[in-house]
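*Asks:*
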Amino acid sequence: MKIDYPTQTTTSSNAKANIVARSTVASQKSTPHPVNTAYRFSGSPQLVPLHVFDNGRFTYFELAANAPVPAIFAIEDKQGKENTVNTRREGKYLVVQRTAPQFTLRSGSMVTSVFNINEISRIQQNRRPQ
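Residues are numbered in the numbering used here as their position in the sequence shown, beginning at 1, plus a constant of 9.
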């Protein structure tokens, strides 16, 4: 029985080709279409995103290239309780897999609040007596 093992050069070339193919596909992903861009910020300037928008389902945070990547929490109640959220990196965006009236971004001692103006307005309208 004879066994042929691929050479290190062949394996390395195949790995490089796979990396190039994956990065090409990732760069071809289009920018998500924003539905809501009405967001306001308060807090540490170092954590304020360049852009925030949502598509009605997910919220997209674009951070400056040199900005720290913060932990992101959603706030949905009057008490301001922070809830962890699922996030993923998608190109230049940190994507939160939901929308919320408010998010808190934390990195070390820095804190920034991000307010979804449209969702806050909707909540306030629903609370008004008819």
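All C-beta atoms in this analysis are idealised placements derived from N, C-alpha and C, irrespective of residue type, glycine included.
Closest by CA to L103, which one among V44, P54, L59, D86?
*Replies:* Reading the sequence shown from its first residue, position 94 is the one you call residue 103. Checking every option, the nearest Cα to that of L103 belongs to L59.
*Asks:* State the CB to CB distance for the pair P43 and N64, rounded to an integer number of angstroms; the pair is presumed to be in contact (CB under 8 Å).
*Replies:* As a working mapping, residue 43 is identified with position 34 in the sequence shown. As a working mapping, residue 64 is identified with position 55 in the sequence shown. Correct: roughly 6 Å between the Cβ atoms.
*Asks:* What number of angstroms, rounded off, separates the C-alpha of R131 from the C-alpha of I84?
*Replies:* As a working note, residue 131 is residue 122 in the sequence shown. As a working note, residue 84 is residue 75 in the sequence shown. About 15 Å.
*Asks:* Residues in the same chain with beta-carbon distance under 6 Å from R97, minus the five sequence neighbours each way, listed in chain order, please.
*Replies:* For this step, residue 97 is matched to residue 88 along the sequence shown. In the same chain as R97, and ignoring 5 residues on each side of it, the C-beta atoms closer than 6 Å to its own belong to V104, in chain order.
*Asks:* Would you tell me roughly how many angstroms separate the C-alpha atoms of K101 and L72, rounded to the nearest one?
*Replies:* Along the sequence shown, one-based indexing puts residue 101 at 92. Along the sequence shown, one-based indexing puts residue 72 at 63. Taking the straight line joining both Cα atoms gives about 8 Å.
*Asks:* Take T93 and list the residues in its own chain whose beta-carbon comes closer than 7 Å to its own, dropping the five residues that flank it on each side.
*Replies:* As a working note, residue 93 is residue 84 in the sequence shown. If we look at T93 and ignore the five residues flanking it on each side, its Cβ neighbours are F82.
*Asks:* Which residues in the same chain have their Cβ closer than 6 Å to the Cβ of Q55, if we skip the five residues on either side of it in sequence?
*Replies:* On the sequence shown, position 46 is the one that residue 55 refers to. Contacts found: M119.
*Asks:* S116 bridges to which residues according to DSSP?
*Replies:* Taking the first residue of the sequence shown as position 1, residue 116 is located at position 107. In DSSP, S116 forms a bridge with M119.
*Asks:* Hey, how far is the Cα of S51 from the Cα of F112?
*Replies:* Counting from 1 along the sequence shown, the entry for residue 51 is found at position 42. Counting from 1 along the sequence shown, the entry for residue 112 is found at position 103. Their Cα atoms are separated by approximately 11 Å.
*Asks:* Give the C-beta separation of V61 and T121 to the nearest angstrom, bearing in mind that I take them to be a contact with Cβ-Cβ under 8 Å.
*Replies:* Translated into the one-based positions of the sequence shown, residue 61 becomes position 52. Translated into the one-based positions of the sequence shown, residue 121 becomes position 112. So it is not a contact: roughly 11 Å between Cβ atoms.
*Asks:* Alpha carbon to alpha carbon, how far is A109 from T46? Give it in angstroms, no decimals.
*Replies:* Numbered from 1 along the sequence shown, position 37 holds the residue referred to as residue 46. Numbered from 1 along the sequence shown, position 100 holds the residue referred to as residue 109. Taking the straight line joining both Cα atoms gives about 13 Å.
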